[in-house]
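Peer 1:
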Amino acid sequence: MPVVGAITLYVSLLTFTLRVHPDRLDYVDQVLGACVKKLSGKPKLEDSKATKQIVALLSAPLEKYNDIVTALTLSNYPRVMDHLDNGTNKIMAMVIIQSIMKNSTCISTADKVEALFELIKGLIKDLDGFPVDELDEEDFKDEQNSVARLIHMFYNDDPKKC
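So the sequence shown is residues -22 to -1, 1 to 140, counted in mature numbering (1 follows the signal peptide of the UniProt record, and there is no 0).
Structure representation (structure tokens):
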């Protein structure tokens, strides 16, 4: 089965899982894990149809739970993101930040901040193989403004716990 067909199948399976068993995060993680297994050993996805399906796959838990904190508990979520090319990785990072801002999600522990930064690393540091001269200055400013707004969503009542 072609990669794009398999990913489309995983998107459908994940959508079904989120509707039938929204409380079973282990099922959601298993679907993501099966996708990682299918993609392992393959180069980063550059097929536009496949990357759109991966973005749909990664966006589904964000849309269902309206909470990035839930997605951060899924061990296979960042592993799926690792298969995206640099440009799509940045797009997905922006989707994550927009979800946090839209839902006013508060990130309250250092572990969650660390996991979140791992997901949006494409926006906070240069990725290998991404030519710096291809950066669009306007996009860069928008991305950095989004990261700056994200910082305001970090909160903890007890600074000693951080």
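Each residue gets a CB set at the ideal place from its N, CA and C atoms; glycine is no exception.
For Leu35 and Leu(-9), I'd like the C-alpha separation in whole angstroms.
Peer 2: Start at 1 with the first residue of the sequence shown, and residue 35 comes out as number 57. Start at 1 with the first residue of the sequence shown, and residue -9 comes out as number 14. Looking at the two C-alpha atoms, the distance is approximately 7 Å.
Peer 1: What residues match up with Phe132 in a beta bridge as DSSP calls it?
Peer 2: The residue labelled residue 132 in the question sits at position 154 within the sequence shown. Answer by DSSP bridge pairing, in chain order: Ile85.
Peer 1: For Lys20, does the count of other Cβ atoms within 10 angstroms reach 16, so buried, or fall short, so exposed?
Peer 2: The count along the sequence shown starts at 1 and reaches residue 20 at position 42. Looking at its Cβ environment, which holds fewer than 16 other Cβ atoms inside 10 Å, Lys20 is exposed.
Peer 1: Asp63 and Leu17 - do their beta-carbons sit closer together than 9 Å?
Peer 2: Within the sequence shown, numbered from 1, the residue matching residue 17 stands at position 39. Within the sequence shown, numbered from 1, the residue matching residue 63 stands at position 85. No, they are not a contact pair.
Peer 1: To the nearest angstrom, report how far apart residue 188 and Phe(-7) are at their CA atoms.
Peer 2: Lying outside -22 to 140, the shown extent of the chain, residue 188 is not represented and no answer is given.
Peer 1: Taking C-beta to C-beta, are Val47 and Leu10 nearer than 9 Å?
Peer 2: Here residue 47 corresponds to residue number 69 of the sequence shown, with the count starting at 1. Here residue 10 corresponds to residue number 32 of the sequence shown, with the count starting at 1. No; because the gap between Cβ atoms is not below 9 Å, this pair is not in contact.
Peer 1: Output yes or no for whether 9 Å exceeds the beta carbon distance between Thr83 and Asn44.
Peer 2: The residue given as residue 83 occupies position 105 in the sequence shown. The residue given as residue 44 occupies position 66 in the sequence shown. It is a contact, given that the beta carbons lie within the stated cut-off.
Peer 1: Can you name, in chain order, every residue of its own chain whose Cβ lies under 7 Å from the Cβ of Ser37, other than the five neighbours on each side?
Peer 2: To locate residue 37, count along the sequence shown from 1; it is residue 59. Correct list, in chain order: Val73.
Peer 1: Pick from Asn54, Tyr5, Asp1 and Ser(-11): whose alpha carbon is nearest that of Lys15?
Peer 2: Residue 15 sits at position 37 when you count from the first residue of the sequence shown. The candidate whose alpha carbon is nearest that of Lys15 is Asn54.
Peer 1: Any idea what DSSP makes of Leu52, helix, strand or coil?
Peer 2: Numbered from its first residue, the sequence shown carries residue 52 at position 74. Coil, per DSSP.
Peer 1: Buried or exposed, going by whether 16 or more other CB atoms sit within 10 Å of the CB of Ser26?
Peer 2: Against the sequence shown, residue 26 aligns to sequence position 48. Classification of Ser26: exposed, given that the 10 Å Cβ count is below 16.
Peer 1: Roughly how many whole angstroms lie between the Cα atoms of Ile69 and Lys119?
Peer 2: Locating residue 69 in the sequence shown gives position 91, where the first residue counts as 1. Locating residue 119 in the sequence shown gives position 141, where the first residue counts as 1. Straight-line Cα distance between these residues: approximately 14 Å.
Peer 1: Run through the DSSP bridge pairs and tell me what Leu62 is partnered with.
Peer 2: The residue labelled residue 62 in the question sits at position 84 within the sequence shown. In DSSP, Leu62 forms a bridge with Leu23.
Peer 1: Is the Cβ-Cβ distance between Leu101 and Gln76 less than 9 Å?
Peer 2: Within the sequence shown, numbered from 1, the residue matching residue 101 stands at position 123. Within the sequence shown, numbered from 1, the residue matching residue 76 stands at position 98. No. Outside cutoff.
Peer 1: Just the Cα atoms here: how many angstroms apart are Gln8 and Ala49?
Peer 2: Start at 1 with the first residue of the sequence shown, and residue 8 comes out as number 30. Start at 1 with the first residue of the sequence shown, and residue 49 comes out as number 71. So the alpha carbons of these two residues sit roughly 13 Å apart.
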